[in-house]
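Count the sequence shown with my numbering and you get residues 87 to 420, in order. All C-beta atoms, glycine included, are put in the ideal place defined by N, C-alpha and C. All of these numbers come straight from a predicted model, not from anything done at the bench.
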Amino acid sequence: MSIETLAETAQAMIAPGKGILAIDESTSTISRRFEALGIASNEANRRAYRELLLTTPRLAEHVSGAILYDETIRQASRDGVPFARLMADAGILPGIKVDKGTQPLAGCPGELVTEGLDGLRPRLEEYYKLGARFAKWRAVISIGDGTPSGTCIDSNSHALARFAALCQEQGLVPVVEPEVLMDGTHDIEASYEVHEVVLRSLFDALYQHSVALEGTILKPSMVLPGADSGETATVEEVAEATLLCLKSTVPAILPGIVFLSGGQGDRAATAHLDAMNRMGPHPWTLSFSYGRAMQSAALKIWSQDLQGNVAKAQEAVFARARDNGQAALGRWVA
Ligand code: 13P
């Protein structure tokens, strides 16, 4: 696949005022979210919920693409239209999560490495045929006593780079997601330092694996104080720290950065993105690829009446898409 085609797809993913809807929860993750709200996690309910999200009226005004999971990309609407077709018809690019989750990293107690490289080439080939045009791989880095180790960071960067190179070979834009978790008691400076090391390691690995950055999207976490630190940071502090870190580590040729929400509240996720864009212009487009911060409100509404609340839940999805779309332009009105 030509770099030009990959770069065009990447540009479409970060079209002005648009971001990505992450609905790529694995079966175990969506089951946890469903069960917390009393929803039975069976295939029928998972399908119905993803149909609700993907058929939200006017979603494409603020959403350029959505990330699916293996089960979801094989599913279809109630009327029998495959989700990937339904999305393409609506002008929403289909994406796919292709990592197989994390496992403990041997030799590095308490640390994780993301698996899923074995057999990835034929899987990507199949996903492309099913309609996917971009793919995502998430690495998880946690901040603790003496962690993350350099070994954990470099192992995850190596896997991200191998994933990215394979994606480009198969015509898919890689979304590289090195998530530094906000769990922990660390302060915002520690978060900054870890983000800086992680991003340097990642871009070094991408370079070593000949990944074309103009056809790559970065999905990072924001620089935040640990959730249990007792520290609060203002919206401006988070925006400034995150921007400084990205400007120090991310080459300008990369077209776009789409943040994950990582457990931030809906308003915080929107406010931080909006503040960063108000501080622009920046070398890259800054937008969103939120999971929880796009879905939480809608899932709660739907859980109260799975048949009767579909339209209401879709209104909540649209409201979050509109707010985050405005924040992607630095024009959110709180
Ligand atoms: P959150 O926005 O809920 O962190 O999810 C984004 C995502 O895709 C995690 O891999």
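So, with DSSP's three-state summary, where would you put residue i?
{"i": "Thr233", "result": "strand"}
{"i": "Ser382", "result": "helix"}
{"i": "Gln400", "result": "helix"}
{"i": "Thr188", "result": "strand"}
{"i": "Pro208", "result": "helix"}
{"i": "Tyr361", "result": "The question names Tyr, but residue 361 is Ala in the sequence shown. Here Ala361 sits in helix by DSSP."}
{"i": "Leu329", "result": "helix"}
{"i": "Thr302", "result": "coil"}
{"i": "Trp418", "result": "coil"}
{"i": "Glu323", "result": "helix"}
{"i": "Gly342", "result": "strand"}
{"i": "Leu89", "result": "First, the residue type needs correcting, since residue 89 is Ile and not Leu in the sequence shown. Of the three classes helix, strand and coil, the one that applies to Ile89 here is helix, per DSSP."}
Would you grab the beta carbon distance between residue i and residue j for me? Rounded to a whole angstrom, and I think it's under 8 angstroms.
{"i": "Val199", "j": "Ser228", "result": "So it is not a contact: roughly 12 angstroms between Cβ atoms."}
{"i": "Leu346", "j": "Ser315", "result": "About 19 angstroms separates the two Cβ atoms, so there is no contact after all."}
{"i": "Val259", "j": "Leu304", "result": "Not confirmed; about 11 angstroms, so no contact."}
{"i": "Ile109", "j": "Leu154", "result": "7 angstroms"}
{"i": "Leu246", "j": "Trp223", "result": "6 angstroms"}
Answer yes or no: does any C-beta atom of chain C fall closer than 9 angstroms to that of residue i?
{"i": "Asp409", "result": "Considering every chain present, this structure includes no chain C. It has just one protein chain."}
Give every residue whose Cβ lies closer than 5 angstroms to any heavy atom of the ligand 13P, listed in chain order. Ala108, Arg224, Leu346, Ser347, Gly348, Tyr376, Gly377 and Arg378
Decide if the stretch 169 to 179 is in contact with the stretch 195 to 206; the criterion is three or more beta carbon pairs, one per stretch, under 8 angstroms apart. no
Decide if the stretch 321 to 332 is in contact with the stretch 109 to 118; the criterion is three or more beta carbon pairs, one per stretch, under 8 angstroms apart. no
Contact between the stretch 402 to 413 and the stretch 136 to 155: three or more CB pairs below 8 angstroms? yes
When you compare the stretch 275 to 293 with the stretch 242 to 255, are there three or more beta-carbon pairs, one atom per stretch, that lie closer than 8 angstroms? yes
Should the stretch 293 to 304 be called in touch with the stretch 337 to 354, which here means at least 3 C-beta pairs below 8 angstroms? yes
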